Amino acid sequence: MGENKPITSFASKLTEEQAAQLESHLLAHDFEMREVPYTHFAGRRDKLNVNYYTSGKLLVQGKGTKEFVEFVLEPEILKEARLGYEAEINPDFVRPRLGVDESGKGDFFGPLVVAGVYVNESVVRHWQEQGIKDSKRVTSDRRIADLAKIIRATPNCIWTVVPIGPESYNRMHAKMRTVNKILAWGHARVIENLMERRSEMNPAPELAISDQFARSKSTVADALMELGRDLELIQRHKAEEDLAVAGASILARDVFVSKLAELSEKTGVSLPKGGGAQVDETAKELVKSKGQTVLNPVAKTHFRNAARALGLPESPKSDEKWHKK
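Everything in the sequence shown is counted per our numbering, starting at 288 for the first residue and increasing by one.
Below, the structure written as structure tokens:
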């Protein structure tokens, strides 16, 4: 944070042992212990408030927050540095920006989903507290849904999702011939959708960040539409480490899971994720019971899984699988 905007709020989860140590410190250092709803304990000294809630969350607020965290909480209680110096170390952390990511690219069944979010400083700090992280690090679909709900409800966050259903995806692949061109179109469409709501963004975004999924960065840059060209576009490996991209990845995964469930209900078969042996088995059973045309509405038919299900020769593996994460 800059000198003109001192840190006046800090949040962290505490273990029971850490909470007990903190309460002892407050009692020993002239904090006035007060009753605050939903807290285990709450202390006040001068204009500094230290509240430990029944949820296990600690909230430090008021004048002196930075000093209390830096000289008491981190060295004595947490035993590690957590204070939000991200803006000083990495200015991009609080920079107003768009984050874009996809889900379903490696899944035979279901859509390809591209999502994007606009974030500013208040959004990323809220997401930090709420545990928002790259969807690939979240193993539970239920947890993905919970995090997606938090993202959609976050004040000042603008978001959009572009699901490309299997039939549309297959038409696009027949025309464009490569997955990367479909991804580039999806990323460009999401960025354009967000930029059409630029008047709602405060401050306006300065850049858009996405994973670099193609060898050439021009693949996405060339696909950008009118408004998207106003932004600096950053493509990098492990872009999901940025909270904006992580938020987009969660929204994309949540919609992918929902759409896959809808397709499962429509076909009367539980359609698995991924592209492994279970997918092959399900695809073969579908073709056997419903005929060869069953795959186009539910699956990405250029995948080798389709050829195996239909008993056709498999096409050579595409070099498009280049995708560093």
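Heads up, the beta-carbon is just placed ideally off N, CA and C, and yes, glycines get one too.
Computed from a predicted model, the values in this text were never measured in an experiment.
Asked: Are the segment 424-441 and the segment 524-539 touching, with three or more C-beta to C-beta distances below 8 Å?; Found: yes
Asked: At 3 residues or longer, what runs of the beta strand (DSSP E) sit wholly inside the segment 497-566?; Found: 519-523
Asked: Identify, in the order they occur along the chain, each residue of the same chain with its Cβ nearer than 8 Å to the Cβ of Gly393, setting aside the five sequence neighbours on each side.; Found: Gly561 and Gly562
Asked: Scan the segment 369-452 and note each continuous beta strand (DSSP E) run of 3 residues or more that stays entirely inside, going in chain order.; Found: 384-390, 399-406 and 445-451
Asked: Expressed to the nearest angstrom, what Euclidean distance is found between the alpha-carbon atoms of Glu568 and Lys553?; Found: 19 Å
Asked: So Asp388 packs on Val507, CB below 8 Å; how close in whole Å?; Found: Rounded, the Cβ-Cβ distance is 12 Å, inconsistent with contact.
Asked: For Met488, is the classification buried or exposed, using 16 other Cβ atoms within 10 angstroms of its Cβ as the cut-off for buried?; Found: buried
Asked: Using the C-alpha atoms, what's the distance from Lys300 back to Gln565?; Found: 40 Å
Asked: Would you kindly report the start and end of the unbroken beta strand (DSSP E) that includes Lys353?; Found: Unbroken run through Lys353 is the alpha helix (DSSP H), Thr352 to Phe355; no beta strand (DSSP E).
Asked: DSSP beta-bridge partners for Glu319?; Found: Arg331
Asked: Would you call the segment 498-517 and the segment 459-469 touching, i.e. three or more CB-CB distances under 8 Å?; Found: yes
Asked: Taking only the alpha-carbon atoms, compute the straight-line gap between Val411 and Ala510 and give it to the nearest angstrom.; Found: 28 Å
Asked: Within its chain, find whatever has a CB closer than 7 Å to the CB of Leu481; leave out the 5 residues flanking it on each side and keep chain order.; Found: Leu385, Gly403, Tyr405, Ile445 and Thr447
Asked: Hey, how far is the Cα of Leu494 from the Cα of Met459?; Found: 28 Å
Asked: Would you mind stating whether Glu408 and Ala298 have Cβ atoms separated by less than 7 Å?; Found: no
Asked: By Cβ distance, which residues of its chain are closer than 6 Å to Val400, with the 5 residues on each side in sequence left out?; Found: Ser390, Gly391, Pro450, Ala539, Val542 and Phe543
Asked: From this set, Lys350, Asp428 and Ile496, which residue's C-alpha is nearest Lys525's C-alpha?; Found: Ile496
Asked: Only counting the same chain, and skipping five residues up and downstream in sequence, which positions put a Cβ closer than 6 Å to that of His589?; Found: His460
Asked: Could you work out which residue in Ser576, Phe380 and Phe328 is closest to Glu527 when comparing CA atoms only?; Found: Phe380
Asked: Please tell me whether Phe328 and Tyr339 are closer than 7 Å, where the distance is taken between their beta carbons.; Found: yes
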